[in-house]
Structure formats: structure tokens, C-alpha cells
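S.K.: What follows is a single structure, and I will ask about it in a moment.
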Amino acid sequence: MAEKNLIAWNVDEEDYPASGEMDEKLKFLLRYAVLAPSGPNNQPWKLAVDGSEVTVMVDFDRALPAVEPTNRTTYMSLGCLLTNLLVAAEHFKMGYQVERFPDGVDAETITVVKFKEEEGGKPHFPPDLFDEITERHTNRGAYDDRPIEAEKIKEMKAAVGDGGFRLDVLTNPEGRAKMAEVLGESHKIQLGNKAFRKDLARWIRANNEDAWDGLPGYAFGYSDFESYFGKFIFGTFDTSASWARKEMALMEASPAVGVLSTDAEDKRIWVEAGMRFEKLFLTATKLGVRFDLFSQPVAIEELRQKMIEILDVDYPQILIRMGYAPPAKHTPRRTVDMVLAGAGSRVVVVKR
Ligand SMILES: Cc1cc2nc3c(=O)[nH]c(=O)nc-3n(C[C@H](O)[C@H](O)[C@H](O)COP(=O)(O)O)c2cc1C
Numbered sequence: 019m020a021e022k023n024l025i026a027w028n029v030d031e032e033d034y035p036a037s038g039e040m041d042e043k044l045k046f047l048l049r050y051a052v053l054a055p056s057g058p059n060n061q062p063w064k065l066a067v068d069g070s071e072v073t074v075m076v077d078f079d080r081a082l083p084a085v086e087p088t089n090r091t092t093y094m095s096l097g098c099l100l101t102n103l104l105v106a107a108e109h110f111k112m113g114y115q116v117e118r119f120p121d122g123v124d125a126e127t128i129t130v131v132k133f134k135e136e137e138g139g140k141p142h143f144p145p146d147l148f149d150e151i152t153e154r155h156t157n158r159g160a161y162d163d164r165p166i167e168a169e170k171i172k173e174m175k176a177a178v179g180d181g182g183f184r185l186d187v188l189t190n191p192e193g194r195a196k197m198a199e200v201l202g203e204s205h206k207i208q209l210g211n212k213a214f215r216k217d218l219a220r221w222i223r224a225n226n227e228d229a230w231d232g233l234p235g236y237a238f239g240y241s242d243f244e245s246y247f248g249k250f251i252f253g254t255f256d257t258s259a260s261w262a263r264k265e266m267a268l269m270e271a272s273p274a275v276g277v278l279s280t281d282a283e284d285k286r287i288w289v290e291a292g293m294r295f296e297k298l299f300l301t302a303t304k305l306g307v308r309f310d311l312f313s314q315p316v317a318i319e320e321l322r323q324k325m326i327e328i329l330d331v332d333y334p335q336i337l338i339r340m341g342y343a344p345p346a347k348h349t350p351r352r353t354v355d356m357v358l359a360g361a362g363s364r365v366v367v368v369k370r
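So the number in this note's numbering is just where the residue sits in the sequence shown, counting from 1, plus 18.
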């Protein structure tokens, strides 16, 4: 990987400081945590290490007020980061205790994780999904029409588990077409809205931009030339109809469409949904199944209602296109040093 803003992905377990101090070990585990997926790769997190404790905080400056006033994907993204952290901890035989929202649900601290060596006991995340942390990526390309095997779907559902959480997977053409319709509608409604486009344009990047966050054009298959104009075009013009057509066709042609739902919702549940979602994403990676993600339809009440009727669920949280495809390129990540609160090296994103 030549690009500087992809160096976070160059992490090698051989470099684990096995004989180092606890805080050095925890900073090493955080190198896996920060590879987590997040809304438009806004990485809405701040981290702190103090002795044997890691504090995970929301960075509200990186939230998306017009795109999602409830902060659903912000909290889900924090959940994804937590799963990566705990999967890495278990891999290095580190035991842990997770305290959630110690200062209340409206505070910026999501969790404080207390670590203790060699007391991991039974892993919470069997099987070991550690190797998948650096492999996992969102894949927005076309998928083969090869179906996803029933056993793999079963394994993915098991990764989500139960107790108020569930994964529905639609493989029949009618079900996929209905979901594609919902997705198309969401693009037309949201991309047709200027405030929404401005909010999202903040995270759209040209391919060769050396930003440590956001969505480079290549993630959507754009050439360097196209990506150079992408941000301006996206922020300025309403391209919702053509975008909706393209995305609907991709979904209809994919072998499966999944929806992760919950039976209630609040900030705690969104964090937990994010944790389970990342476990699902890592499991899919292990199985060779690619994901393309959509939070838009869930954010529009009438479309969410349609999803509820199609699936007979309570609270859909994220829509997933699933299938097989060659791997796509990773997108930038801030390094642990940039994310550690008080490190003085945080990247300041200028609001436009
Ligand atoms: C909770 C959540 C919601 C997401 N929603 C969308 C979405 O609506 N549209 C989209 O294109 N990508 C979505 N993504 C994918 C992110 O854009 C992607 O994870 C991020 O750009 C980092 O890329 P990576 O997954 O390849 O590491 C979402 C990811 C998460 C975790």
C-alpha cells in the first residue's frame, strides 16, 4: 500500500508488544479497533488509554446532523469499533469487562473497557474473527449471480444471534425487487434534498486526496478524473434519479439482500446492534461474502414502514446487499495516534 492514508491497514500481529507495558498493548489493540467501518467513513470516535482502561467516546463533531439527526449510524459505528477491539483483545488472550454509558446515555463516553491479561476465559466471539479485521471492506461493485449457500446464510444469522436482534435474508427475486424499490425511493428522497447532499459532500473525497477519512471516489468505482469533480457535482446537482436506477439494478441482480433489525431501539441498542453487525460483517468476510450497506431507507419513516411490512420486523437498522465479488481496495483510516483524545494530532475537519 503506497498511499500514506492507508497505513493504518498495515498492522501485523507479530508486532504485538508482548513484553511491553499494558498501555502499549492496549494501543496496539486499538490499531485493530480503528479499522472498523462507519457511516460515510466519518470515524465518529475518540479514544483514550489510561493504564489498563480504554475509553471509547463519540466525536459529535463528526456526526451527520442533516443525514441522520438521531445519530443511529454514529452509535452503530461505535459498536463496530468495540467489536474489533474485543475480537483483537481475545486474540491476544486479554480478558475484559465492558461498562456501557457510565456517564449516562447522552454523554460522549460510550464505554469504558477494563482489561486484564490471561483472564479471557471463554471467548465471547467464537470463532476467532481476528484475521478478518484487516480483510473486511465494503464492496460497492456488481456481485456474481451465484447464490449464497444456505449454510452460509445460517452462519451469518447465528453471528447476529437473538435476544432482540435478528437478520433477515431475502434471496427470492420478488423480495429483492421490493427492497431495491425501497432503496431507490430513499435515494430519490435524500439525494434530492440539498441539505442532505451538503452534509454528505463533507465526506466525499477525490481519489488522490490525502484525507484520513471520508469516501474516496474509487470506493464507488470512479476514475481519478471523475472523482475530482465528484464532490462538486454531488453537492451541487440533483443526480438522484440516475443514482437510484443504478443502485436498484445492482440490488436486483445480487443474490441476497439482508436487513438487521431490533425489537426496540435507543442509544444502547444501537451500540449493541453495531457490535453484532460488525460480528456479522467479519463472519461474512470469513465466508467470502461481500457487503454493500445502506442506512438511508431506515432514516426515512415511510420507507422504514415499508421495510417493516415486507419483513414483519419491529425496527430495521441497516440494509445490506450481499454476494460474491473480487476484493475492493481499502479506504483511508486515521491512525490510533490521530484518534487518541488529547494527543494533539487530531485531524480537524472543516465544516462546509
Ligand atoms: C452503520 C453503518 C452505516 C453505513 N451506511 C452506509 C450507507 O448508507 N451508504 C454507503 O454507501 N455506505 C454505508 N456504510 C459503509 C461505509 O461507508 C464504509 O464502512 C466506510 O466507508 C469504510 O469503508 P470500509 O467498510 O470499506 O472499511 C455504512 C457503514 C456502517 C458501519
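All C-beta atoms in this analysis are idealised placements derived from N, C-alpha and C, irrespective of residue type, glycine included.
These numbers come from a predicted model, not from an experiment.
Let me check understanding here. Comparing Cα to Cα, which of V357, I338 and P350 lies closest to I171?
M.R.: To locate residue 171, count along the sequence shown from 1; it is residue 153. Of the candidates V357, I338 and P350, the one whose C-alpha sits nearest the C-alpha of I171 is I338.
S.K.: Give me the Cα-Cα distance between M19 and P344, rounded to the nearest whole angstrom.
M.R.: Along the sequence shown, read from residue 1 onward, the residue named residue 19 stands at position 1. Along the sequence shown, read from residue 1 onward, the residue named residue 344 stands at position 326. Legend: pLDDT at M19 = 47, less than 50; position of this residue unreliable, no value from coordinates given.
S.K.: Considering only heavy atoms of ligand 1, does any lie closer than 7 Å to the CB of F250?
M.R.: Counted from its first residue, the sequence shown places residue 250 at position 232. No - ligand 1 has no heavy atom lying nearer than 7 Å to the Cβ of F250.
S.K.: Ends of the alpha helix (DSSP H) at D41?
M.R.: To locate residue 41, count along the sequence shown from 1; it is residue 23. Where D41 is concerned, the enclosing alpha helix (DSSP H) stretches over M40 to A51.
S.K.: Tell me which residues share the same chain as V116 and place their Cβ nearer than 6 Å to its Cβ, disregarding the 5 neighbours each side in the sequence.
M.R.: If you number the sequence shown from 1, residue 116 lands on position 98. These residues qualify, in order along the chain: T129 and V131.
S.K.: Looking at P55 and ligand 1, is the gap between the Cβ and the nearest heavy atom below 7 Å?
M.R.: Counting from one through the sequence shown, the residue named residue 55 turns up at place 37. Yes; taking the cut-off as 7 Å, the Cβ of P55 has a heavy atom of ligand 1 nearer than that.
S.K.: Out of curiosity, what's the CA-to-CA distance linking L358 and V105?
M.R.: Indexing the sequence shown from 1 puts residue 358 at position 340. Indexing the sequence shown from 1 puts residue 105 at position 87. The straight-line gap from Cα to Cα measures roughly 20 Å.
S.K.: Can you tell me which of F78, K304 and A282 puts its alpha carbon nearest to the alpha carbon of T92?
M.R.: Here the question's residue 92 lines up with position 74 in the sequence shown. If we check each option's Cα against that of T92, F78 comes out closest.
S.K.: What alpha helix (DSSP H) runs, 4 residues minimum, are completely inside the region 73-130?
M.R.: Within the region 73-130, the complete alpha helix (DSSP H) runs of at least 4 residues are 90-109.
S.K.: Quick one: is the Cβ of H155 within less than 7 Å of any heavy atom of ligand 1?
M.R.: On the sequence shown, residue 155 is found 137 positions in, with the first residue counted as 1. H155: yes, Cβ under 7 Å from ligand 1.
S.K.: In or out: K43 buried (at least 16 other Cβ within 10 Å) or exposed?
M.R.: If you number the sequence shown from 1, residue 43 lands on position 25. Buried, by the Cβ-count rule.
S.K.: Looking at the secondary structure, which residues open and close the beta strand (DSSP E) in which L65 lies?
M.R.: Here residue 65 is taken as the residue at index 47 of the sequence shown, counted from 1. Per DSSP, L65 belongs to the beta strand (DSSP E) from W63 to D68.
S.K.: Between the region 110-125 and the region 39-59, do at least 3 Cβ pairs fall closer than 8 Å?
M.R.: Contact between the region 110-125 and the region 39-59 is present, because at least three Cβ pairs lie under 8 Å.
S.K.: First and last residue of the beta strand (DSSP E) that includes A274?
M.R.: As a position in the sequence shown, residue 274 is number 256, starting the count at 1. A274 to T280 is the extent of the beta strand (DSSP E) around A274.
S.K.: So V357 is in the alpha helix (DSSP H); what residue range does that whole segment cover?
M.R.: As a working note, residue 357 is residue 339 in the sequence shown. V354 to V357 is the extent of the alpha helix (DSSP H) around V357.
S.K.: Alpha carbon to alpha carbon, what distance is there between E320 and A107?
M.R.: On the sequence shown, position 89 is the one that residue 107 refers to. On the sequence shown, position 302 is the one that residue 320 refers to. Cα to Cα, the separation comes out at about 41 Å.
S.K.: Whose CA, out of N89, M75 and V74, lies closest to the CA of A81?
M.R.: Here residue 81 refers to the residue found at position 63 when the sequence shown is read from its first residue. Per the Cα distances, N89.
S.K.: Would you check if there are 3 or more beta carbon pairs closer than 8 Å linking the region 290-298 to the region 174-194?
M.R.: Yes, the region 290-298 is in contact with the region 174-194.
S.K.: According to DSSP, which residues form a beta bridge with K134?
M.R.: As a working note, residue 134 is residue 116 in the sequence shown. Paired residue(s): G113.
S.K.: By the DSSP assignment, the beta strand (DSSP E) with V400 in it spans what residues?
M.R.: Here the chain comprises residues numbered 19 to 370, so residue 400 is not present and cannot be evaluated.
S.K.: Looking only at its chain, what residues have a beta carbon closer than 8 Å to the beta carbon of L103, apart from the 5 residues adjacent to it on each side?
M.R.: Translated into the one-based positions of the sequence shown, residue 103 becomes position 85. Cβ neighbours of L103 beyond the five flanking positions: L47, L48, Y50, A51, V72, V74 and V131.
S.K.: Let me know the alpha helix (DSSP H) ranges lying completely inside the region 193-228, each 4 residues or longer, listed in chain order.
M.R.: If we require 4 residues or more, the alpha helix (DSSP H) runs fully inside the region 193-228 come out as 212-219.
S.K.: Going by C-alpha to C-alpha distance, which of E192, Y342, E227 and E39 sits closest to V67?
M.R.: Sequence index remark: in the sequence shown, residue 67 carries index 49 (1-based). The shortest C-alpha separation from V67 is found at E39.
S.K.: What three-state label does DSSP hand L311 in the structure shown?
M.R.: As a first step, residue 311 must be located in the sequence shown, where it is residue number 293. Looking at L311 - three-state DSSP - the assignment turns out to be strand.
S.K.: Does the region 204-216 come into contact with the region 310-324, if we say contact requires no fewer than three beta-carbon pairs (one atom in each stretch) closer than 8 Å?
M.R.: Because the criterion of three Cβ pairs below 8 Å is met, the region 204-216 and the region 310-324 touch.
S.K.: Quick check: does the Cβ of M94 come within less than 7 Å of any heavy atom belonging to ligand 1?
M.R.: As a first step, residue 94 must be located in the sequence shown, where it is residue number 76. True, at least one ligand heavy atom lies under 7 Å from that Cβ.
S.K.: Could you check which residue in T152, P145, V76 and P83 has the C-alpha nearest to that of R118?
M.R.: Here residue 118 refers to the residue found at position 100 of the sequence shown. The shortest C-alpha separation from R118 is found at V76.
S.K.: Measuring from the CB of L329, is there a heavy atom of ligand 1 at a distance below 7 Å?
M.R.: Counting from one through the sequence shown, the residue named residue 329 turns up at place 311. It does not: the Cβ of L329 is nowhere closer than 7 Å to a heavy atom of ligand 1.
S.K.: Got a sec: does ligand 1 put a non-hydrogen atom nearer than 7 Å to the Cβ of H348?
M.R.: Within the sequence shown, numbered from 1, the residue matching residue 348 stands at position 330. Yes, since a heavy atom of ligand 1 falls inside the 7 Å radius drawn around the Cβ of H348.
S.K.: Return the first residue and the last residue of the alpha helix (DSSP H) that I287 is part of.
M.R.: On the sequence shown, position 269 is the one that residue 287 refers to. K285 to L305 is the extent of the alpha helix (DSSP H) around I287.
S.K.: For S279, tell me which candidate among V354, S313, F250 and D256 has the shortest Cα-Cα distance.
M.R.: Counting from one through the sequence shown, the residue named residue 279 turns up at place 261. Residue S313 is the option with its Cα nearest to S279.
S.K.: I'd like to check one pair, F183 with A387: are the Cβ atoms closer than 8 Å?
M.R.: Since the displayed the chain opens at 19 and closes at 370, residue 387 lies outside it and no answer follows.
S.K.: In three-state terms, what does DSSP make of R339?
M.R.: Reading the sequence shown from its first residue, position 321 is the one you call residue 339. Three-state result, R339: strand.
S.K.: In or out: V365 buried (at least 16 other Cβ within 10 Å) or exposed?
M.R.: Within the sequence shown, the letter at position 347 stands for residue 365. With a pLDDT of 42 at V365, under the threshold of 50, the modelled position of that residue is not reliable, and no figure is offered here.
S.K.: How big is the Cα-Cα spacing for P350 and K64?
M.R.: Residue 350 sits at position 332 when you count from the first residue of the sequence shown. Residue 64 sits at position 46 when you count from the first residue of the sequence shown. The straight-line gap from Cα to Cα measures roughly 17 Å.
S.K.: Where does M19 sit, in a helix, a strand or coil, going by DSSP?
M.R.: Along the sequence shown, read from residue 1 onward, the residue named residue 19 stands at position 1. A caution first: M19 carries a pLDDT of 47, below 50, which makes its placement in the model unreliable, though a value can still be read off. In this structure, M19 counts as coil in the three-state DSSP scheme.
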